[in-house]
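Below, the structure is given as structure tokens:
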């Protein structure tokens, strides 16, 4: 199996130590319970890791100025997607919806007006994440938005390891020698958006911009990526960020 990782993606054992340190220094009991569950060691084969695909819809792209409006979770492993255990929440954002965001994710003003604040669903959300490795498509949305939202409500941020399926696609299609050769020829870069990435593996097209559907799409994409480019024995530390 070809090693597609550039040097800067070497396996790391820092995440278990970081989570243990956060558990020892936490101020809020909800976060203490979450951090105490820890995460797998970096050398753990990906086939042995319980995972949960996560997606969010937000009012914009800046975690400091915009807010979460929905969260979808789908627990899975390399061999099975546990749809019966899926979770989905619409939450009331701390900032008003814009016309553009409603057009994008189709969550309306009336829906968020009747929805709970994120604080009300945090116990269930953290319980669903605990003990599982989060998988997202573009961690620079889910990671800062969730951390800022938790900080605003509990007084401290939330950071944990993620497998980013967009990042894995970038290693293959943006950072490989073949990708550099394509750029040298003047060809446009290959799209690594969720639906375009899925199409390369023969996965069906889903209606996008719904947090639960996109979480399912991300779980299926990771399964396909591992089957095509890695092995079930690949250490999780080679994949997480």
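Residue numbers (our numbering): 573 to 813.
Every residue, glycine too, gets a C-beta built ideally from N, C-alpha and C.
Check your understanding: If we count the other Cβ atoms within 10 Å of its Cβ and call it buried at 16 or more, is residue 633 buried or exposed?
Key -> Counting Cβ neighbours within 10 Å, residue 633 comes out exposed, since fewer than 16 surround it.
- Between residue 721 and residue 640, is the Cβ-Cβ spacing less than 7 Å? yes
With 16 other CB atoms within 10 Å as the buried threshold, where does residue 593 fall? exposed
Fill in: DSSP-derived helix/strand/coil call for residue 701
helix
Review point. Expressed to the nearest angstrom, what Euclidean distance is found between the alpha-carbon atoms of residue 805 and residue 771?
Key: 25 Å
Query - Identity of the residue in 802, 803, 773 nearest residue 793 by Cα - result: 773
Return the chain-ordered ranges of every alpha helix (DSSP H) run that is complete within the stretch 623-685 and spans a minimum of 4 residues. Inside the stretch 623-685, DSSP marks whole alpha helix (DSSP H) runs of 4 or more residues at positions 671-677, 681-685, from first to last along the chain.
Discussion item. Counting C-beta neighbours from all protein chains within 10 Å, is the total for residue 689 16 or more, i.e. buried, or is it exposed?
Written reply: exposed
Label residue 741 either buried or exposed according to how many other C-beta atoms from any shown protein chain fall within 10 Å of its C-beta, with 16 as the threshold for buried. buried
Can you say whether residue 779 is buried or exposed, counting buried as having 16 or more other CB atoms within 10 angstroms of its CB?
-> exposed
- prompt: Out of 665, 732, 789, which has the shortest C-alpha to C-alpha gap to residue 813?
  reply: 732
Open item on the list: Helix, strand or coil for residue 689? Go by DSSP, reduced to three states.
Closed with: coil
**Request:** Return helix, strand or coil for residue 708, following the three-state DSSP convention.
**Result:** strand
With a CB to CB cut of under 6 Å and the five nearest residues on each side skipped, what residues in its chain are close to residue 659? 645, 700
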